[in-house]
Amino acid sequence: MSSIYAYLEKPSMVDYPKHFAAVFFTSGCNFACGFCHNASLMGKKQTGISWNKLEAACTQFKKEWVNGVVITGGEPTCGADLPKLIDLFKTRFGFAVKLDTNGSNPERLAECLPLVDYVAMDIKCGLSAYSEVTGFPDTGKIQESIALVRAKAKDYEFRTTVIETIHNAEQMEEIRQIVKGSKRYVLQAFIPRDELPEEHYRTIPRTTAARLQELNIQMAGCAEEILLRGA
Ligand code: SF4
879 MSSIYAYLEK PSMVDYPKHF AAVFFTSGCN FACGFCHNAS LMGKKQTGIS WNKLEAACTQ
939 FKKEWVNGVV ITGGEPTCGA DLPKLIDLFK TRFGFAVKLD TNGSNPERLA ECLPLVDYVA
999 MDIKCGLSAY SEVTGFPDTG KIQESIALVR AKAKDYEFRT TVIETIHNAE QMEEIRQIVK
1059 GSKRYVLQAF IPRDELPEEH YRTIPRTTAA RLQELNIQMA GCAEEILLRG A
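This note's numbering numbers the first residue of the sequence shown as 879 and each following residue consecutively.
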């Protein structure tokens, strides 16, 4: 069995810049974000899809003119078979591969960076708040992953989902220091949902376009390119 637990039946136009992409989900995550949109994939490992079924899905996507694959989670670097998965998508089927990561596993990330075409790494908050916001205290690993992505990724983005109760001016200033000098930084809108793990996140309003624009100005100069998404 692979560590892929599920995939979107319909390819996506929005999950991989400039690609028509199939989106595959790995189960299990070593963070515990209260605002997780994939909470069912967080703690427990789900039974993975067989390699044969995965190949059949790829064959079908190929017929539908898919040219890219997004490996997302959960946290994809938690799976020991990540390099094998990337190899299947790239070498066997010729898809460009985008890897989503929370940056918690620089060792596996280093192994995979030469193989993937695009990396999107979450910057959840300033380092001082990581433990509280994500339950993951080892910010040294986050810093290590940031440095690796900058130095080794073929193309990449750092991204923050903007949540009213977390991303105050101090937190954004900390994030600015973390991503300073990067190629691309993305500010994403937060969308509340009833099924979010922590109740108080369910009623926080969706990030407005005005708030993203405000942060766009505040973060100006922190990266070569700043993008706003989902407003
Ligand atoms: S890192 Fe992503 S998948 Fe993991 S708990 Fe946080 S939001 Fe959910």
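From the three backbone atoms N, C-alpha and C, an ideal C-beta is built for every residue, glycine too.
When the Cα of isoleucine 1069 is compared with those of Lys888, Met891, His915, which residue comes out closest? When each option's Cα is compared against that of isoleucine 1069, the closest is His915.
With a threshold of 16 other CB atoms inside 10 Å of the CB of lysine 1032, please say whether the residue is buried or exposed. It is exposed - the Cβ of lysine 1032 has fewer than 16 other Cβ atoms within 10 Å.
Would you decide whether isoleucine 1001 is buried or exposed? Buried here means 16 or more other CB atoms lie within 10 Å of its CB. So isoleucine 1001 ends up on the buried side.
Do three or more CB pairs link the segment 1070–1077 to the segment 1043–1053 at distances below 8 Å? They do not touch, by the three-pair rule.
Kindly indicate which three-state DSSP category glutamate 1048 falls into: helix, strand or coil? Helix.
DSSP beta-bridge partners of glutamate 1035: Residue pairing for glutamate 1035: DSSP places it in a beta bridge opposite Ala998.
Jot down the residue ranges of each uninterrupted alpha helix (DSSP H) in the segment 1075–1104, minimum 4 residues, whole runs only, in chain order. Whole alpha helix (DSSP H) segments, 4+ residues: 1077–1080, 1087–1096.
Which two residues bound the contiguous beta strand (DSSP E) that contains phenylalanine 939? Here phenylalanine 939 belongs to no beta strand (DSSP E); instead the alpha helix (DSSP H) covers 929–941.
Between tyrosine 1063 and alanine 1101, is the Cβ-Cβ spacing less than 8 Å? Result yes, Cβ atoms of tyrosine 1063 and alanine 1101 sit closer than 8 Å.
Terminal residues of the alpha helix (DSSP H) in which alanine 1029 lies: Per DSSP, the unbroken alpha helix (DSSP H) holding alanine 1029 starts and ends at 1017–1030.
Can leucine 910 be considered in contact with the ligand SF4, in the sense that its beta carbon sits closer than 7 Å to one or more heavy atoms? According to the sequence shown, residue 910 is alanine rather than leucine. Within the cutoff, so yes.
N- and C-terminal bounds of the alpha helix (DSSP H) containing tyrosine 1008: Its alpha helix (DSSP H) spans residues 1008–1012.
If you draw a straight line from the C-alpha of lysine 1030 to the C-alpha of threonine 937, how long is it? Cα-Cα distance, rounded: 30 Å.
Residues in its own chain within less than 6 Å of alanine 884 by CB, not counting five upstream and five downstream? Hits under 6 Å: Phe903.
Just verifying my parser: in three-state terms, what is the DSSP assignment at threonine 969? Correct three-state label for threonine 969: helix.
Per DSSP, cross-strand counterpart(s) of isoleucine 1069: DSSP output for isoleucine 1069 lists no bridge partner at all.
Is there contact between the segment 1054–1063 and the segment 1073–1083, where contact requires at least three CB pairs shorter than 8 Å? Segments in contact, no.
Beta-carbon proximity of threonine 1039 to glutamine 1066, cut-off 8 Å: Going by C-beta atoms, threonine 1039 is nearer than 8 Å to glutamine 1066.
When you compare only the Cα positions, how much space is there between lysine 976 and tyrosine 996? Distance between the alpha carbons of lysine 976 and tyrosine 996 is about 5 Å.
Nearest-angstrom beta carbon gap, threonine 979 and glutamate 953 [assumed within contact, 8 Å]: With a Cβ gap of about 7 Å, glutamate 953 and threonine 979 count as contacting.
Would you please state the rounded distance, in angstroms, between the beta carbons of phenylalanine 973 and asparagine 945? I believe it to be under 8 Å. Contact between phenylalanine 973 and asparagine 945 is confirmed by a C-beta separation of about 7 Å, below the 8 Å threshold.
Nearest-angstrom Cα distance between glycine 1004 and arginine 986? Between glycine 1004 and arginine 986, the C-alpha separation is close to 23 Å.
Regarding aspartate 1000 and the ligand SF4, is the C-beta to nearest heavy atom distance less than 7 Å? Between the ligand SF4 and the CB of aspartate 1000, the shortest heavy atom gap is smaller than 7 Å.
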